[in-house]
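Chains as they are written, first to last, in my numbering: chain Z, 4 to 208; chain V, 7 to 364.
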């Protein structure tokens, strides 16, 4: 599958026009991009082999998660998997907290939502109530969101799984797309059962 | 200067063994093996009494030369018998190990030995790639990743998964954790640019072995430069130099010992295997290529009377910058235990007290 598999579209809600990229078929996977904008990576191609991937441009405003939730509904999507990257992590968390019944599972890629130096007490309190199956990924070389932050999410969230992606810095999905997509797909398909290996080790039958 | 005794378990073969690696397992003599491990403990009790700081063990397979294929087993056995000495496990061959298992076993050992553990992590000699069918071309990458995973397993308080290039785990959460915090003193062993950079990045020590002082100094200099780049300066005891030493009453006697020494390579491989290893394995000293295969005896860089050796150690300290000497006092595999014990006594009484304050 090539990037050409993605097509651009626009959806209008609350008088705001939101650009999105969409590719693939299957259970919807909504992606909330990092601060540098909506850009496709090789990981999007890998994910759209299994899911209907919709990467939405983040709307501006005081409660973008409300606008985002309506935009997703307007696209005909009821329940969905949700992936938030970097600064898209806090946005994805707020969306999941706003509409928890619609989010099947949540993936936070190198999230910048809270840190020991800059804690968001209100968000942290709300995270403790979020039962959504959540996968948190940190790159072992990340200097923006250091991997030691992973334990904060793991400790706060009741249904959180922490995975380190070796030799990746902040842009995990761009730097190690295969490693990223493999664990994300596995988690979204099996949730907490993804800890059980299905790797085949028979060499010669 | 700290001093470490490199314990190789002196197996005395009742009959001559073929030199080629792997040595046929059927040639192993059980009584000789039992005697070798008993002798190891007796020798190490003396080593401890002489005041050595560490005893080191290493991982080598399929050969009587160094009879510690699982160094963790030897280290645990030694720790149970000796009460004071620090056990330096230099080290598990990381690329063919399960790094999580290594982290668990070392944490157990550190705790059971009440914090008397020092760890060196390494890639292994060229022949060891064949021990568990490791592709030599992947060995460097597997070593780096495995070392990083070991450090993470020791220090991460929450269960985690590892999405590596060569290792993948969904659940890691080791018990016990090491007694020493955040982990035992740890060294990345080797002269390569990659090993020195890894050590510098993770604030680990560095260990080099056998080569002449000036050559090993290239690696330790590079290591210190990299540490500075990462904003820190290693202490002298964060640099280990493993070496062969032949000490005798006089310089002439020591030189005679050197001349009498076999020029047998430590792990002799069949010609076709050696040729293949030469193309598949690659090694370097601070970035300068070196042969992955040792074809003759390893160099002996300390030779002479106690006075001479003390001066050589002083030079080593200046040139290599090492604060830990890890010594073989008689070539491993020689089987000449009397010579080894004489050398130990001479070193312990006439050299050790004079180099301690260096």
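Ideal Cβ positions, reconstructed from N, Cα and C, are used throughout, including at glycine.
Keep in mind that this is a model prediction, so the values were computed, not measured.
Using the C-alpha atoms, what's the distance from residue 253/V back to residue 352/V?
When rounded, the separation of the alpha-carbon atoms in residue 352/V and residue 253/V is 7 Å.
Compare the C-beta of residue 44/Z with all C-beta atoms of chain V and state if any pair is closer than 8 Å.
No, its Cβ sits nowhere closer than 8 Å to a Cβ of chain V.
Among 146/V, 195/V and 192/V, the one whose alpha carbon lies nearest that of residue 171/V
The residue from 146/V, 195/V and 192/V with its alpha-carbon nearest to that of residue 171/V is 146/V.
Give me the DSSP bridge partner(s) of residue 118/Z.
Looking at the DSSP output, residue 118/Z shares a beta bridge with 121/Z.
Mind checking if residue 168/V is an interface residue toward chain Z, Cβ cutoff 8 Å exclusive?
By this cut-off, residue 168/V is an interface position.
Any idea if residue 149/V is buried or exposed, counting beta-carbon neighbours within 10 angstroms, 16 or more meaning buried?
Label assigned to residue 149/V: buried.
Please state if the CB of residue 213/V and the CB of residue 180/V are separated by a distance shorter than 8 Å.
No, the pair does not count as a contact, with Cβ atoms beyond the cut-off.
Could you give the C-beta distance for residue 115/V and residue 78/V, rounded to a whole number, given that I count them as a contact under 8 Å?
The Cβ separation is near 6 Å, so the contact holds.
Give the list of continuous beta strand (DSSP E) stretches no shorter than 3 residues that lie fully inside the segment 236 to 304 of chain V.
You should have 245 to 253, 289 to 291 and 294 to 296.
Spatial distance of residue 154/V from residue 260/V (CA atoms):
About 43 Å.
Classify residue 212/V as helix, strand or coil using the three-state DSSP reduction.
Correct three-state label for residue 212/V: strand.
Less than 8 Å between the CB atoms is what I'm expecting for residue 49/Z and residue 184/Z, so what's the real figure, rounded?
At roughly 4 Å, the Cβ-Cβ gap stays under 8 Å, so residue 49/Z and residue 184/Z are in contact.
Going along chain V, which residues have a C-beta under 7 Å from residue 116/Z?
Per Cβ cutoff of 7 Å: no residues; residue 116/Z is ~16 Å from chain V at best.
When the Cα of residue 170/Z is compared with those of 152/V, 176/V and 187/V, which residue comes out closest?
Distances from the alpha-carbon of residue 170/Z to those of 152/V, 176/V and 187/V put 152/V closest.
Name the chain V residues that come within less than 9 Å of residue 153/Z, Cβ to Cβ?
Those are 162, 164 and 166, listed as they occur along chain V.
By the 9 Å beta-carbon criterion, what residues does the segment 183 to 208 of chain Z contribute toward chain V?
The segment 183 to 208 of chain Z vs chain V, Cβ under 9 Å: 183, 185, 186, 189, 197, 198, 199, 200 and 202.
Using a Cβ-Cβ cutoff of less than 6 Å, which residues in the same chain neighbour residue 184/V once the five nearest sequence positions on both sides are dropped?
Counting only Cβ-Cβ distances below 6 Å, and skipping sequence neighbours, we find 113, 116, 160 and 190.
Taking only beta-carbon positions, decide if residue 23/Z is within less than 8 Å of chain V.
Residue 23/Z does not count as touching chain V.
Taking the continuous beta strand (DSSP E) assigned at residue 94/V, which residues delimit it?
92 to 99 is the extent of the beta strand (DSSP E) around residue 94/V.
Just to make sure I have the definition right: I need the residues of chain Z whose C-beta is within less than 9 Å of the C-beta of residue 176/V. Which are they?
By Cβ distance, chain Z contributes 164, 166, 186, 189, 197, 198, 199 and 200.
Short of 6 Å in beta carbon distance, which residues of its chain neighbour residue 326/V, apart from the five on each side in sequence? Order them along the chain.
Hits under 6 Å: 219, 222, 223, 226 and 247.
Residue 64/V to residue 122/V span [Cα, whole Å]
Looking at the two C-alpha atoms, the distance is approximately 16 Å.
With DSSP run on the structure shown, which of helix, strand or coil describes residue 332/V?
Assigned with DSSP and collapsed to three states, residue 332/V falls in strand.
Let's see if you can read the secondary structure: which residues bound the beta strand (DSSP E) around residue 83/Z?
Where residue 83/Z is concerned, the enclosing beta strand (DSSP E) stretches over 83 to 88.
Return the chain-ordered list of same chain residues with a C-beta closer than 6 Å to the C-beta of residue 34/Z, the five sequence neighbours on each side being excluded.
Only residues of its own chain outside the window of five on either side were considered, and among them 58 and 86 have a CB closer than 6 Å to the CB of residue 34/Z, listed in chain order.
Same chain only: Cβ atoms within 6 Å of residue 111/Z, ignoring 5 sequence neighbours per side:
Counting only Cβ-Cβ distances below 6 Å, and skipping sequence neighbours, we find 87, 92 and 139.
Enclosing beta strand (DSSP E) for residue 160/V [first to last residue]:
Not the beta strand (DSSP E): residue 160/V falls in the alpha helix (DSSP H), residues 142 to 161.
Within this structure, are the beta carbons of residue 242/V and residue 71/V separated by less than 8 Å?
Result no, Cβ atoms of residue 242/V and residue 71/V do not sit closer than 8 Å.
State the start and end residues of the unbroken beta strand (DSSP E) segment that holds residue 322/V.
Here residue 322/V belongs to no beta strand (DSSP E); instead the alpha helix (DSSP H) covers 312 to 326.
Using a cut-off of 7 Å between C-beta atoms, extract the partners of residue 143/Z located in chain V.
At a beta-carbon threshold of 7 Å, the residues of chain V lying near residue 143/Z are 154, ordered along the chain.
Under three-state DSSP, which class holds residue 355/V?
Residue state, collapsed to three classes: helix.
In chain order, what residues of the segment 93 to 114 of chain Z put their CB closer than 7 Å to some CB of chain V?
The segment 93 to 114 of chain Z vs chain V, Cβ under 7 Å: nothing.
Would residue 171/V pass as an interface residue toward chain Z - the criterion being a Cβ-Cβ separation below 8 Å?
With 8 Å as the cut-off, residue 171/V counts as an interface residue toward chain Z.
Determine, for residue 158/Z, whether the minimum Cβ-Cβ distance to residues of chain V falls below 8 Å.
True, the Cβ-Cβ gap to chain V drops below 8 Å.
Within 7 Å of chain Z by C-beta, residues of the segment 125 to 157 of chain V in sequence order:
Those would be 151 and 154, in chain order.
Same chain only: Cβ atoms within 6 Å of residue 114/Z, ignoring 5 sequence neighbours per side:
Apart from sequence neighbours up to five positions away, the residues of its chain that approach residue 114/Z with a beta-carbon distance below 6 Å are 92, ordered along the chain.
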